[in-house]
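Residues 1 to 530 in UniProt numbering are what the sequence shown lists, from first letter to last. We put the beta carbon where it would ideally sit given N, CA and C, even for glycine.
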Amino acid sequence: MAAPRAGSRPLRSLVALGVLIIGLAVWAFFPNTEHNVKLGLDLQGGTQVILIPHPVQAGKEITDEQLQQTVTILRQRVDSLGVAEAEVTTQGSGAGAAIVVSVPGASPERLVDLVQRTALLDFRPVYTVLPPAPTVAKGVTAGTKPVQAAQLDAAFENAVVALDCTNPTTYSGGTPDDPTLWLGTCSKDGAAKYVLQPAFIKGTNVTSATAALPQNGVGWVVNLGFDSEGASALASASTTLSKLPDCSTGGAAPCNAFAIVLDGVVSSAPRFNEPIIGGTAQIEGNFNAEAANDLANVLKYGALPVTLEAVDITSVSATVGGDQLRAGIIAGLLGLGVVMIYLLLYYRVLGLVAIFSLVIAAGVTYLTFVVMSKSIGLTLTLAGVAGAIVAIGITADSFIVYFERIRDEMRDGRSFRQACESGWIRARRTLLAADFISLLAAVVLYLLSVGGVRGFAFVLGLTTVIDVAVAFLFTYPMTVLLGRSRLLQVGSRWTGLDSQKVGKSSPIGVTETIASRRRKAKESQEEVSS
Numbered sequence: 001m002a003a004p005r006a007g008s009r010p011l012r013s014l015v016a017l018g019v020l021i022i023g024l025a026v027w028a029f030f031p032n033t034e035h036n037v038k039l040g041l042d043l044q045g046g047t048q049v050i051l052i053p054h055p056v057q058a059g060k061e062i063t064d065e066q067l068q069q070t071v072t073i074l075r076q077r078v079d080s081l082g083v084a085e086a087e088v089t090t091q092g093s094g095a096g097a098a099i100v101v102s103v104p105g106a107s108p109e110r111l112v113d114l115v116q117r118t119a120l121l122d123f124r125p126v127y128t129v130l131p132p133a134p135t136v137a138k139g140v141t142a143g144t145k146p147v148q149a150a151q152l153d154a155a156f157e158n159a160v161v162a163l164d165c166t167n168p169t170t171y172s173g174g175t176p177d178d179p180t181l182w183l184g185t186c187s188k189d190g191a192a193k194y195v196l197q198p199a200f201i202k203g204t205n206v207t208s209a210t211a212a213l214p215q216n217g218v219g220w221v222v223n224l225g226f227d228s229e230g231a232s233a234l235a236s237a238s239t240t241l242s243k244l245p246d247c248s249t250g251g252a253a254p255c256n257a258f259a260i261v262l263d264g265v266v267s268s269a270p271r272f273n274e275p276i277i278g279g280t281a282q283i284e285g286n287f288n289a290e291a292a293n294d295l296a297n298v299l300k301y302g303a304l305p306v307t308l309e310a311v312d313i314t315s316v317s318a319t320v321g322g323d324q325l326r327a328g329i330i331a332g333l334l335g336l337g338v339v340m341i342y343l344l345l346y347y348r349v350l351g352l353v354a355i356f357s358l359v360i361a362a363g364v365t366y367l368t369f370v371v372m373s374k375s376i377g378l379t380l381t382l383a384g385v386a387g388a389i390v391a392i393g394i395t396a397d398s399f400i401v402y403f404e405r406i407r408d409e410m411r412d413g414r415s416f417r418q419a420c421e422s423g424w425i426r427a428r429r430t431l432l433a434a435d436f437i438s439l440l441a442a443v444v445l446y447l448l449s450v451g452g453v454r455g456f457a458f459v460l461g462l463t464t465v466i467d468v469a470v471a472f473l474f475t476y477p478m479t480v481l482l483g484r485s486r487l488l489q490v491g492s493r494w495t496g497l498d499s500q501k502v503g504k505s506s507p508i509g510v511t512e513t514i515a516s517r518r519r520k521a522k523e524s525q526e527e528v529s530s
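Here it is in structure tokens:
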């Protein structure tokens, strides 16, 4: 008969669980008062944008392949807002096609800005910087679109001078430029006008884009990484440009600056003070965290093969509604209640441990949903609710495996206290194996699916991880503490560990047999003496 493990410290696990729950609660409810789980498009509605694609080059036709590529890029962009259960679909094909983007919870302005950008990026040497106001002859209309030319000639210079960078229409962007031509355009805030040479790096050379805080901690920036071709071009251009004068202070053209041009507008124009050999660059522009992350995601997932025009922006109502949500929650509560009743009737005192474990798992799941809704934009759909309901059965399986292993150990002659320890050593292998299979299935389903199925997979995987945490940090240590109590050591019909449930060969069965014989002997002695 094996002795109990000397190193078992159940109180430490319970304290760790308490700290975890308190940490999640603080994160979920503070510092602001918003502590609700965000609902998906099918449960709360959201914003719908209808986009009409146009070819980048006039006269070209839009192919179905370009439409599918556009849908893929848009889906990646809106998914970067979080696990938002966004819907991106196409209507029609070719010239008459439209793309419909529906996202729950996102503001219309941010959604349009995110999906409408073509994200055509290039790096151009700055030839000169001009004042933003146009200079035109009397009766001539100022230009409101960036201008391009094959060479720096008088016609191009006159067109640039006439460009009106004080007009918001001119610097709103959305017009891709030809990187092989000269470009006259505005800064994205309309504060300056630029004459730019042909690009030395294209957006296709960008391999990574991440938002970050600079070392001085002021504002946000977007860090860019380049492939070998882009890194070589950056090193060559920076070596040449760093030797030129700084025309921002009135120096002669050309300048030592380079412009980062996004969708035909200068995002920023830093100077080359020395050659850049590392193959990285940085976009600055007084970004906040949201704007920097949006720009990084747009650049990360590539340029659209078409330009998009937003023709309709509407708020859409829930496709399923609150009645179905309430029905799903009621179904989950009923399933939870039935499982609790079964565990209580079959396992008695151990069933109480299982019930408290389920309650704690439900609480941790809710707090995790709130935290993820606040931090990464997690939204709960009806498919996600179904994933949470399925998780009830997975969690209940964990208790049954452990409790039945305890009974097996007791049938082999171990006491309940010993069975709690040795049974856990054997049961946890089964628990980890089963939960790993569920988690693996959820991960594969999440990676290979989109929409509601992805939400189901995410919630299923999340609740599986929570099941493992509750089993290790509450169910096992709480059972060990109960195993040290005198009530369960004796074993009665209310504990679920009596001889009928466990088996005659267990210590409890033997104890009950000896007690029965002593009671009968005592009764016989009393009859003789009387």
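- The three-state reading of DSSP puts GLN44 in helix, counting H, G and I together.
- Between the alpha carbons of THR239 and ILE276 lies a gap of roughly 7 Å.
- The DSSP-derived three-state label of ARG484 is coil.
- Taking each of ARG75, PHE30 and GLU87 in turn and checking the Cα distance to GLY46, the smallest one comes out for GLU87.
- Closest in C-alpha terms to VAL390, from the list LEU344, ALA331, ILE341 and ARG428, comes ALA331.
- The beta carbon of SER373 sits closer than 6 Å to the beta carbons of VAL37 and LYS38 from its chain, once the five residues preceding and following it are set aside; these are given in chain order.
- Taken atom to atom, the span from the alpha-carbon of PRO10 to that of GLY483 is near 11 Å.
- Annotation: PRO53 to ASN223 spans about 30 Å, alpha carbon to alpha carbon.
- VAL306 is the residue among PHE369, VAL443 and VAL306 whose C-alpha sits nearest the C-alpha of GLN66.
- In the DSSP secondary-structure assignment, ILE313 is bridged to VAL49.
- Per DSSP, reduced to three states, the secondary structure at ILE360 is helical.
- Proximity to VAL468 across LEU440, ASP435 and VAL459 peaks at ASP435, based on C-alpha coordinates.
- In the three-state reduction of the DSSP assignment, LYS188 falls in the coil class.
- Annotated as distal: ILE201 and ALA155, with beta-carbon spacing of 8 Å or more.
- At a Cβ-Cβ threshold of 8 Å, VAL459 and ALA396 do not count as neighbours.
- The region 264–276 makes contact with the region 184–195, as at least three CB pairs between them are under 8 Å.
- If you look at LEU74, you'll find it in the alpha helix (DSSP H) that goes 64–79.
- In the three-state reduction of the DSSP assignment, GLU109 falls in the helix class.
- A straight-line Cα-Cα distance of about 15 Å links ALA427 and ASP412.
- Unbroken beta strand (DSSP E) runs of no fewer than 3 residues, entirely contained in the region 154–232, are found at 182–186, 193–196, 206–212 and 220–226, following chain order.
- DSSP places ARG271 in the strand class (E or B) of the three-state scheme.
- Its chain contains LEU358, ILE392, GLY393 and ALA396 as the residues whose beta carbon lies nearer than 8 Å to that of VAL339, once the 5 sequence neighbours on both sides are disregarded; these appear in chain order.
- Note on geometry: alpha-carbon atoms of PHE472 and SER13 lie some 8 Å from one another.
- For ALA149, the enclosing beta strand (DSSP E) stretches over residues 147–149.
- Taking THR166 as the centre and dropping the five residues before and after it, the same chain places the C-beta of PRO132, ALA133 and GLY190 closer than 7 Å to its C-beta, in chain order.
- The beta carbon of SER315 sits closer than 7 Å to the beta carbons of GLY45 and THR47 from its chain, once the five residues preceding and following it are set aside; these are given in chain order.
- Membership of VAL37 in any beta strand (DSSP E) is not indicated, and neither H nor E is assigned to it by DSSP.
- Bridge partners of VAL265 according to DSSP: LEU262.
- In this structure, THR368 sits away from LEU445, with a CB-CB distance that is not shorter than 8 Å.
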